[in-house]
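*Asks:* Handing you a structure now.
Structure follows, in structure tokens:
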């Protein structure tokens, strides 16, 4: 294992890459504080119950949660080294969570080179596109089966598309890729989509893509539409991406041509989509076999300057008719913060009792409680959306908010 670059000598000096996307500076903790954790990792004993260390927490399902623990690049390298030095037998760590730990490119490279895990959660660490490419190089050279790479709020910038493409090519078992709020633009999305299409053609479909919080605009919807038409992904989370009506209509047109049931979940929350485009998107999603559609608002909408989507009376009538006209799979529709009031919700209630398929409507404030209760009663038997295993794998006991769509992991 190569020697990582040393941490700053001063224990009070923040790690680099701390200002992007509001990520706070990280002061690396003393290496000595990692020793109890490192000893446990070297021993290779499974966590039969929750184990809390001075730094981090090990959980029985294989998560090692080191988020917001001040690990730093040197500490990350030591963790990876300890994992590689464990006793014989399966590793007690399957999912390595290192969010907001001041890793930088060096720490990320060390972890990806040494830690034999299924999940790499590296959000908020000042990792650049070059650092992401180094992660890809390390995964390419390793026989490890990595199924999830999470890079939320790292400054990948305009090179993010190429870096993501390299990750997709390198991690042959990849199911989940998170690029939320990484500075990816429309041009980078073209490169990313080409890689996803190539992977799908070779029998390596990526199941879910988190790409929200990036300035994609309507142009960025073009390559995403191509993914939908090709049936290249199962779940697409593209909230707060400035899609507007133009982007929403492109996605709707793609859904009208997509293989039925291939795209299961779609989130376009906080995209400034108007009533007409929103109604067409719901109609297209219903016909395409989508099971979950989110038109609501992400928690980071205000920070990102992301406009709400809108549903007026005419749009509500169109949505209601689409859901009641035939059997479908759209059992979960989020319409919070869309400007709907009781009048619009009543349009849904008018047709919901006769619908062959019940839909759970998630509605916001401003709607009469009686209307909400009647709609809820009609969908009470509908199961709540399941949490994918890859998403459950990055739930942290040290981050303030659990995963929710592409909002805040």
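Numbering (UniProt numbering), first residue to last: 1 to 409.
Glycine included, every Cβ here is placed at the ideal spot set by N, Cα and C.
#1: Take residue 332 as the anchor and find which of 292, 317 and 316 has the nearest alpha-carbon.
#2: For a quick check, are the C-beta atoms of residue 36 and residue 47 less than 8 Å apart?
#3: Note down the Cα distance separating residue 354 from residue 320, rounded to an integer number of angstroms.
#4: Within a Cβ cutoff of 8 Å, which residues of the same chain sit near residue 351, ignoring the five residues on either side of it in sequence?
#5: Give the single residue among 158, 240, 147 and 248 whose Cα lies nearest to the Cα of residue 206.
#6: Around the C-beta of residue 155, are 16 or more other C-beta atoms found within 10 angstroms, so that it is buried, or is it exposed?
#7: Where residue 215 and residue 161 are concerned, what is the direct C-alpha to C-alpha distance, given to the nearest angstrom?
#8: Between residue 304 and the rest of its own chain, which residues show a CB-CB distance below 7 Å, the 5 nearest in sequence each way excluded?
#9: Could you check which residue in 229, 42, 368 and 267 has the C-alpha nearest to that of residue 242?
#10: For the alpha helix (DSSP H) that contains residue 369, what are its first and last residues?
#11: Starting from residue 208, follow the beta strand (DSSP E) in both directions and report where the run begins and ends.
#12: CB residue 98 to CB residue 66, shorter than 8 Å?
#13: Grab me the residues of residue 187's own chain with a C-beta within less than 8 Å of its C-beta, minus the 5 sequence neighbours each way, in chain order.
#14: Using a Cβ-Cβ cutoff of less than 7 Å, which residues in the same chain neighbour residue 397 once the five nearest sequence positions on both sides are dropped?
#15: Pull up the distance between the alpha-carbon of residue 109 and that of residue 116, whole angstroms please.
#16: Exposed or buried, what is residue 135 when buried is set at 16 or more other beta-carbons lying within 10 Å of its beta-carbon?
*Replies:* Walking through what the data contain:
#1: That would be 292, whose Cα lies nearest to the Cα of residue 332.
#2: No Cβ-Cβ contact shorter than 8 Å links residue 36 with residue 47.
#3: Here the alpha carbon of residue 354 sits roughly 11 Å from the alpha carbon of residue 320.
#4: Cβ neighbours of residue 351 beyond the five flanking positions: 320, 321, 323 and 324.
#5: With distances taken between Cα atoms, residue 206 lies closest to 147.
#6: Buried, by the Cβ-count rule.
#7: Rounded to whole angstroms, residue 215 to residue 161 spans 13 Å at the Cα level.
#8: The residues are 213 and 240.
#9: Residue 267 is the option with its Cα nearest to residue 242.
#10: It spans 369–378 - the alpha helix (DSSP H) in which residue 369 sits, taken as one unbroken run.
#11: 208–210 is the extent of the beta strand (DSSP E) around residue 208.
#12: Result yes, Cβ atoms of residue 98 and residue 66 sit closer than 8 Å.
#13: For residue 187, the CB contacts under 8 Å within the same chain, skipping 5 residues up- and downstream, are 158 and 161 in chain order.
#14: Within the same chain, and ignoring the five residues on either side of residue 397 in sequence, the residues whose Cβ sits closer than 7 Å to its Cβ are 57 and 65.
#15: Each residue's alpha carbon lies about 13 Å from the other.
#16: Under the 10 Å beta carbon count, residue 135 is surrounded by 16 or more other beta carbons and is classified as buried.
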